[in-house]
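Asker: Quick one: the structure is below, questions incoming.
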Amino acid sequence: MQIVGIDPATYPSVAGLEFTSGDEAQAYAEIGAGRAIVVNGISASRSGLQVGDTITLKTPEGDRAYRLPNAHG
86 MQIVGIDPAT
96 YPSVAGLEFT
106 SGDEAQAYAE
116 IGAGRAIVVN
126 GISASRSGLQ
136 VGDTITLKTP
146 EGDRAYRLPN
156 AHG
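In our numbering, the protein residues as written are 86 to 158.
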């Protein structure tokens with residue numbers, strides 16, 4: 086799995102994500118508000134992830150929960 090951090094305030098103006106469901110603006114807002122993550126369609130399908138699910142990632146500060154916002158790419 087590859088994880089890329091973005092600044093949700095500026096990323097849409099320099100690059101883009103193609104969302105297959107949900108609302109793109111809301112997804113960026115949720116990422117900016119806290120621990121939210123956008124997962125590509127292949128990873129979501131393989132993992133059985135859906136909008137609103139929470140996944141746990143290992144970080145330098147320990148395990149942290151990230152929620153899939155109301156959209157996914």
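In this text, a Cβ means the ideal position worked out from N, Cα and C, and glycines have one as well. None of these values were measured; they are calculated from a predicted model.
Return the CA-CA distance between residue 90 and residue 131, expressed in angstroms with no decimal places.
Answerer: Those two C-alpha atoms are separated by around 22 Å.
Asker: Helix, strand or coil, according to DSSP, for residue 94 in the structure here?
Answerer: Three-state DSSP puts residue 94 in coil, outside helix and strand.
Asker: For residue 140, which of helix, strand or coil comes out of DSSP?
Answerer: Strand at residue 140.
Asker: With DSSP as the reference, label residue 100 as helix, strand or coil.
Answerer: Looking at residue 100 - three-state DSSP - the assignment turns out to be coil, as it is neither helix nor strand.
Asker: What does a CB cutoff of less than 6 Å around residue 138 pick up in its chain, not counting 5 residues either side in sequence?
Answerer: Excluding residues within five positions, the ones whose Cβ falls inside 6 Å are 153.
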